[in-house]
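Okay, so here's the structure we're looking at.
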Amino acid sequence: MNITPNIVILTGAGISAESGLETFRGSDGTWNKYKVEDVATPEGFARSPDLVNNFYNKRRHDAANARPNKAHLALAKLEKNFPHSFLLVTQNVDDLHERAGSKNVLHMHGTLNHVLCLTCHKRAEWKGDVTAESICPHCHAKASLRPDIVWFGEIPFYMEKIEKALSQADIFAAIGTSGLVYPAAGFVGLARQAGAECFEINLATNPATYELFDEVISGPATKTAPDFVDNLIAKYSQVTD
Ligand code: APR
């Protein structure tokens, strides 16, 4: 008898690497070029909003010019096969999952395509550059917009919903993440506590997390993720795309 498994997937920068978006901690990673405290903290933004806005303006451009890859498409297919028992949590702020067809995506670190107004505290969709001249579409305040990104020292979004899903997970997979930044790095522990089968899908074997997973699948996500998805679909359901 085929049960319908509760599936929770966590993705990181590695799933977008083959779409041309740089990761954070690779040899040419973002944190080799910028200091976290300058561009990814509230203090850094307070010190130099233009520097921070320009950092995210470039990443917004890069993401807009990138295309979803086979790994993003595979996760959209997985969601289609398990529409009522699937959750995709991403640490990524690009919209490649959505552009691949994923519907229910929780961006726990925020998104490039939104801004937050420091005057009225409302969010707004924002596709262009944010500058000191930008006007809040809600309250019309000027020079009051920040990237809607969760910076170091801030609380990630959707934690209650994520923790609930992990507590009921039958299958958990971490795809393209170094597993170094909490709370996301702790998700595999919560999934294990729930008795979930835990998979790590990463380019390289990750010494930091190797022991925590039941199975480590090494290789580029555009190869490993589609195979992983097809194996799950074959094992648990007859629905095909
Ligand atoms: N296929 C699969 N995995 C890959 C690929 C690929 N083609 N390329 C790189 N990886 C893996 C790397 O081996 C690494 O383990 O992706 C991971 C990327 O790790 P990081 O650069 O640390 O990115 P991430 O884990 O998403 O970082 C988490 O840190 O700085 C914060 O907010 C930022 O959300 C980010 C968080």
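Reading the sequence shown from the start, the letters are residues 150 to 390 in the working numbering.
Heads up, the beta-carbon is just placed ideally off N, CA and C, and yes, glycines get one too.
Since the structure is predicted, the reported quantities are computational estimates derived from the model, not experimental observations.
With a CB to CB cut of under 6 Å and the five nearest residues on each side skipped, what residues in its chain are close to residue i?
i: N311; result: In the sequence as displayed, the identity of residue 311 is Ile instead of Asn. Only V238 meet the Cβ criterion.
i: S367; result: T354
i: I382; result: N230
i: E186; result: G193
i: V388; result: Below a pLDDT of 50, predicted positions are generally treated as unreliable, and V388, at 49, falls in that range; the measurement from the model is reported next regardless. Excluding sequence neighbours, V388 sits near N230.
Return yes when at least one heavy atom of the ligand SAH lies under 7 Å from the C-beta of residue i, else no.
i: A353; result: For the ligand SAH, the structure offers nothing, since it holds only the ligand APR.
Leaving out five residues before and five after residue i in sequence, what residues of the same chain have Cβ atoms less than 7 Å from its Cβ?
i: F421; result: With the chain running from 150 to 390 in the structure shown, residue 421 is simply not present.
i: H258; result: Q240, V242, I298, V299, P305
i: A345; result: A318, D319, I320, F321
i: R248; result: P217
i: A333; result: L159, Q240, M257, T326
Put residue i into one of helix, strand or coil per three-state DSSP.
i: R341; result: helix
i: T354; result: coil
i: T389; result: Note on T389: pLDDT 49, under 50, position unreliable in the model; the coordinate value appears next. T389 falls in the coil class under three-state DSSP.
i: N262; result: strand
i: M150; result: Residue placement at M150 cannot be trusted, given a pLDDT of 43 that sits under 50; the coordinates are not used to answer.
i: E303; result: coil
i: I156; result: strand
i: A322; result: strand
i: E360; result: helix
i: V365; result: strand
i: E171; result: coil
i: A383; result: helix
i: E346; result: strand
i: E192; result: helix
i: T179; result: helix
i: P296; result: strand
Expressed to the nearest angstrom, what Euclidean distance is found between the alpha-carbon atoms of residue i and residue j?
i: T153; j: C288; result: 46 Å
i: N241; j: S293; result: 24 Å
i: D278; j: E360; result: 42 Å
i: L265; j: A213; result: 20 Å
i: I164; j: A290; result: 37 Å
i: L200; j: K384; result: 49 Å
i: D379; j: L352; result: 19 Å
i: N262; j: A166; result: 19 Å
i: E274; j: P369; result: 32 Å
i: K372; j: E282; result: 44 Å
Can you list, in chain order, the residues of its chain whose CB lies under 8 Å from that of residue i, leaving out five sequence neighbours each side?
i: S251; result: H221, L224, A225, E228, L237
i: P198; result: A281, A292, R295
| query | Hey, is the segment 223-236 in contact with the segment 206-213, meaning 3+ C-beta pairs nearer than 8 Å? | reply | no
| task | Specify whether the segment 163-182 and the segment 251-265 touch according to this definition: at least 3 beta carbon pairs, one from each stretch, less than 8 Å apart. | result | no
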